[in-house]
């Protein structure tokens with residue numbers, strides 16, 4: 004016979020695996036600057052609500068990576084959402100528009116700003132604190148996360164101005180994971196730059212302006228940064244540069260660089276060392292008041 008405590012644990016994991024996310028379009032009437040009505044033209048959120056008996060009053064927006072040319076929506080989206088839901092955090096996975104489908108800057112900034120505002124607009128109905136909305140992203144999604152954390156006051160051309168757009172787009176904490184940060188340094192990920200900038204790929208001034216280590220200010224929210232030293236796709240210089248920019252601006256920041264680990268490890272569940280980073284993040288969030296109720 005399975006002990007009662009183990010049976011409860013198994014049921015908990017089963018419930019996490021069984022949930023099917025709800026799809027929330029960012030613009031139900033159609034996205035700005037859209038080229039059509041296909042799913043690749045209309046960004047959306049996958050919603051994974053926290054169990055009401057575990058809810059901590061916190062929500063997180065999740066930005067999967069993929070070099071702005073694809074979306075690693077499983078191990079950098081769905082799996083991350085289920086991890087957060089297990090902590091009692093409402094999770095929203097952003098399916099943003101991509102360079103490979105003809106969408107280039109500022110479309111991605113428009114999408115992530117709108118996503119932050121849509122999440123915040125759900126606070127009253129879902130009973131979470133609109134001042135406890137975080138963002139996490141991986142690789143190019145980490146760059147998108149860093150844009151959300153530094154360019155939240157930008158008003159990109161083509162953005163909408165409805166009631167939801169009156170809400171703040173600033174995240175309350177940001178978690179860039181093995182992030183693309185610089186678009187102009189030697190450590191820049193050229194594929195992300197090409198897909199993000201598109202026809203303006205040779206515009207060095209724009210690339211520099213979107214190198215987010217140059218955009219950190221005292222208004223940037225607290226940051227938790229995860230990286231591996233063995234990453235040769237997006238080298239650690241990116242994460243380090245963003246951390247040092249936060250330090251210079253006196254933004255509370257915590258940087259964890261693990262020696263082993265290829266690019267794109269996600270939760271790294273099969274690695275005894277790397278799999279500790281989500282635990283470190285959990286305690287960091289607890290220290291910042293984002294886990295008021297122990298799940």
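Residue numbers (my numbering): 4 to 298.
The beta-carbon is built from N, C-alpha and C at its ideal position, and this holds for glycine as well.
Own chain, CB closer than 8 Å to residue i, minus 5 neighbours either side, in chain order
i           : result
residue 35  : 113, 161, 162, 163
residue 184 : 145, 146, 149, 214, 215, 216, 241, 242, 244, 245
residue 278 : 270, 271, 272
residue 8   : Low local confidence applies: a pLDDT of 42 at residue 8 is under 50, so the model's placement there is unreliable, with the coordinate-based value given in what follows. Closer than 8 Å at the Cβ level, and outside the excluded window around residue 8, lies no residue.
Alpha-carbon to alpha-carbon, residue j and residue i
i           : j           : result
residue 203 : residue 213 : 12 Å
residue 232 : residue 132 : 36 Å
residue 275 : residue 229 : 16 Å
residue 120 : residue 271 : 30 Å
residue 273 : residue 100 : 31 Å
residue 2   : residue 88  : Any question about residue 2 goes unanswered here, given that the chain covers just 4 to 298.
residue 80  : residue 102 : 19 Å
residue 86  : residue 97  : 16 Å
residue 95  : residue 49  : 5 Å
residue 76  : residue 65  : 10 Å
residue 289 : residue 295 : 7 Å
residue 67  : residue 84  : 11 Å
residue 105 : residue 43  : 10 Å
residue 211 : residue 57  : 43 Å
residue 222 : residue 250 : 13 Å
residue 30  : residue 45  : 8 Å
residue 14  : residue 172 : Its pLDDT being 43, under 50, residue 14 is placed unreliably by the model, and nothing is read from it.
residue 255 : residue 137 : 14 Å
residue 187 : residue 69  : 19 Å
residue 196 : residue 142 : 12 Å
residue 234 : residue 193 : 15 Å
residue 268 : residue 282 : 15 Å
residue 280 : residue 78  : 15 Å
residue 41  : residue 253 : 43 Å
residue 155 : residue 209 : 17 Å
residue 117 : residue 24  : 19 Å
residue 32  : residue 165 : 12 Å
Contact belief for residue i with residue j at Cβ below 8 Å, rounded distance in angstroms
i           : j           : result
residue 140 : residue 182 : 7 Å
residue 135 : residue 261 : Residue 135 to residue 261, Cβ: 28 Å. No contact.
residue 151 : residue 122 : Actually they are not in contact, since the Cβ atoms of residue 151 and residue 122 sit about 11 Å apart, beyond 8 Å.
residue 74  : residue 47  : Between residue 47 and residue 74 the Cβ distance is about 11 Å, and since that is not below 8 Å, they are no contact.
residue 219 : residue 153 : 6 Å
Same chain only: Cβ atoms within 7 Å of residue i, ignoring 5 sequence neighbours per side
i           : result
residue 291 : 176, 225
residue 238 : 190
residue 284 : 178, 227
residue 92  : 53, 59, 61, 62, 63
residue 129 : 52, 93
residue 170 : 120, 123, 124
residue 82  : 269, 270
residue 207 : 187
residue 37  : 44, 45
residue 16  : Annotation note: pLDDT 44 at residue 16 (below 50); position unreliable, no value reported.
residue 108 : 199, 200, 213
residue 22  : 51
Bridge partners - residue i, DSSP secondary structure assignment
i           : result
residue 245 : DSSP lists no partner for residue 245.
residue 293 : Partner(s): none; residue 293 has no beta bridge.
residue 230 : 260
residue 49  : 26, 96
residue 61  : 92
Residues of its chain near residue i, where Cβ-Cβ distance is below 6 Å and the 5 sequence neighbours each way are ignored
i           : result
residue 236 : 266
residue 258 : 228, 246
residue 264 : 231, 233, 277
residue 127 : none
CB contact check: residue i to chain B, cutoff 8 Å
i           : result
residue 289 : Reference to chain B is not applicable here, since this structure consists of a single protein chain.
Exercise. Can you list the alpha helix (DSSP H) stretches of 4 or more residues lying completely in the region 116-153, in chain order?
Worked result: 126-129, 143-153
For this session: Just list the beta strand (DSSP E) runs in the region 64-117, keeping only unbroken ones of 3 residues or longer that don't cross its boundaries, in chain order.
Result: 92-98
Problem set entry | Continuous beta strand (DSSP E) assignments of at least 3 residues falling wholly in the region 176-223 | 176-180
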